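*Asks:* The numbering of the sequence shown is our numbering, which starts it at 1317 and goes up by one.
The structure's right below; bear with me while I get my questions together.
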Amino acid sequence: MNKTDFDIIPDRDSIGSQQREIGFCPTHNDSPLLLTPEQIGRWNDDGYLGPLDVYDSDAIAEIRQYFDQLLADTFAAGKDSYSISSAHLKHAPVWDLLTNERTVRFVADLLGENVIGWGSHFFCKMPGDGKRVDWHQDCSYWPLTPTKAVTVWLAIDDADAENGCMEVFTGSHKHGLIDFEVSDSNAGNVLDQTVDRPEQYGTHQLTPLRAGQISIHSDLLLHGSSPNVSDRRRCGLTLRYCPADVHAYLGWNQKGVVVRGSADPAEWPGAKRPA
1317 MNKTDFDIIP DRDSIGSQQR EIGFCPTHND SPLLLTPEQI GRWNDDGYLG PLDVYDSDAI
1377 AEIRQYFDQL LADTFAAGKD SYSISSAHLK HAPVWDLLTN ERTVRFVADL LGENVIGWGS
1437 HFFCKMPGDG KRVDWHQDCS YWPLTPTKAV TVWLAIDDAD AENGCMEVFT GSHKHGLIDF
1497 EVSDSNAGNV LDQTVDRPEQ YGTHQLTPLR AGQISIHSDL LLHGSSPNVS DRRRCGLTLR
1557 YCPADVHAYL GWNQKGVVVR GSADPAEWPG AKRPA
């Protein structure tokens, strides 16, 4: 049976013991499918791109209705709204979001013709839940090398400053792996890292999105989000991708789906769509 459960926060010692090539790899693409040359230049400068339109109002309403039921099932099982991880390995509709052609074309414009989709995690802030995501870089959690992975953040609900949209420090992706502190488990941080004085690494930017839009950010970009102080939910689905020449440690290649082009099956054997 294929493995479908992976730690949301992997063991740091195991990741630290692996040899990794860490540094931003700029995109050079003379014939993009969807992005403009100006957008690709902005990506290289900022490490962030958005908003980009993917789903219309009817399509995202259907996706939201599906997530509403998935969240209700998760609560009924005694789990919280941040626990729905590696969802494409368990839920066929999430697999379909990971492999969506328009989303993958945006990603391929940045990563090249051979693309792996390997992650899917709902970050759902309930109204007034008080939790935040402290400043961090995704690559500090991921046993992947080199650091070419990106995250697509799909807005299931409208996301804005009031309900805790993602915030980034553009340009911070050019600083390599940034030192961080481990946060206390009672600190209200959804993850377990925090970077001190992030403003020294880039320019702060809010990233509001309408439901159905996406943003894309580099695995080296400093980002986080404030608590949801509104009476509205804020759900986003993070979809993770990398080029097929990236190597995954700790069995993480079992998560991978070839979403465009091809991959060496010894590196990325190819997970199957769940029933």
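Cβ coordinates follow ideal geometry from the N, Cα and C atoms, glycine included.
Given the structure is predicted, the values throughout are model-derived calculations rather than measurements.
How is A1475 classed by DSSP in three states: helix, strand or coil?
*Replies:* Shown here, A1475 sits in a strand according to DSSP, grouped into three states.
*Asks:* Go to D1374, then tell me how far its alpha helix (DSSP H) extends in each direction, as first and last residue.
*Replies:* S1373 to A1392
*Asks:* Using CA coordinates, which residue listed in P1585, T1519 and D1473 is at the minimum distance from S1373?
*Replies:* D1473
*Asks:* Quick check: the stretch 1548 to 1557 against the stretch 1439 to 1450, are there 3 or more CB pairs under 8 Å?
*Replies:* yes
*Asks:* Hey, how far is the Cα of A1465 from the Cα of V1573?
*Replies:* A1465 and V1573: Cα-Cα distance of roughly 14 Å.
*Asks:* With a cut-off of 8 Å on the beta carbons, I'd call W1434 and R1556 a contact; round off their distance for me.
*Replies:* 6 Å
*Asks:* By Cβ distance, which residues of its chain are closer than 6 Å to L1493, with the 5 residues on each side in sequence left out?
*Replies:* I1338
*Asks:* With distance defined between alpha-carbon atoms, name the residue in V1420, D1445 and V1498 nearest to S1456.
*Replies:* V1498
*Asks:* S1531 to R1418, Cα distance in whole Å?
*Replies:* 13 Å
*Asks:* Rounded to a whole number of angstroms, what is the C-alpha to C-alpha distance between L1413 and D1512?
*Replies:* 34 Å
*Asks:* At 3 residues or longer, what runs of the beta strand (DSSP E) sit wholly inside the stretch 1520 to 1573?
*Replies:* The stretch 1520 to 1573 contains these whole beta strand (DSSP E) runs: 1529 to 1534, 1538 to 1541 and 1550 to 1559.
*Asks:* Verify whether the separation of the beta carbon atoms of H1533 and Y1364 is less than 8 Å.
*Replies:* yes
*Asks:* Nearest-angstrom Cα distance between L1525 and A1471?
*Replies:* CA-CA distance, L1525 to A1471, rounds to 6 Å.
*Asks:* Hey, how far is the Cα of T1467 from the Cα of D1535?
*Replies:* 7 Å
*Asks:* Should P1459 and L1566 be called a contact, given that it needs their Cβ atoms to be closer than 8 Å?
*Replies:* yes
*Asks:* Quick one: Cα of G1446 to Cα of G1394, how far?
*Replies:* 19 Å
*Asks:* Where does the unbroken alpha helix (DSSP H) through I1420 begin, and where does it stop?
*Replies:* Reading off the sequence shown, one finds Val at residue 1420, where the question assumed Ile. Run containing V1420: E1417 to L1427, per the alpha helix (DSSP H) assignment.
*Asks:* Determine the extent of the alpha helix (DSSP H) in which L1368 is found, giving its start and end residues.
*Replies:* No alpha helix (DSSP H) holds L1368; the beta strand (DSSP E) holding it covers Y1364 to D1369.
*Asks:* If you compare alpha carbons, which of H1489, V1562, K1490 and P1585 is closest to G1428?
*Replies:* Selected option, being the one with the closest Cα: V1562.
*Asks:* For V1545, which of T1390, R1448, Q1355 and F1322 has the nearest alpha-carbon?
*Replies:* R1448
*Asks:* Using CA atoms only, rank isn't needed, just tell me which of D1425, K1571, T1415 and T1320 is closest to P1348.
*Replies:* Sorting D1425, K1571, T1415 and T1320 by C-alpha distance to the C-alpha of P1348 places D1425 at the top.
*Asks:* Pull up the distance between the alpha-carbon of G1518 and that of N1360, whole angstroms please.
*Replies:* One C-alpha to the other measures close to 14 Å.
*Asks:* For A1582, does the count of other Cβ atoms within 10 angstroms reach 16, so buried, or fall short, so exposed?
*Replies:* exposed
*Asks:* Should A1560 be labelled buried (16 or more other beta-carbon atoms within 10 Å of its own) or exposed?
*Replies:* buried
*Asks:* May I have the straight-line CA-CA distance separating E1422 from D1454, to the nearest angstrom?
*Replies:* The sequence as given places Phe at residue 1422; Glu does not occur at that position. Rounded to whole angstroms, F1422 to D1454 spans 20 Å at the Cα level.
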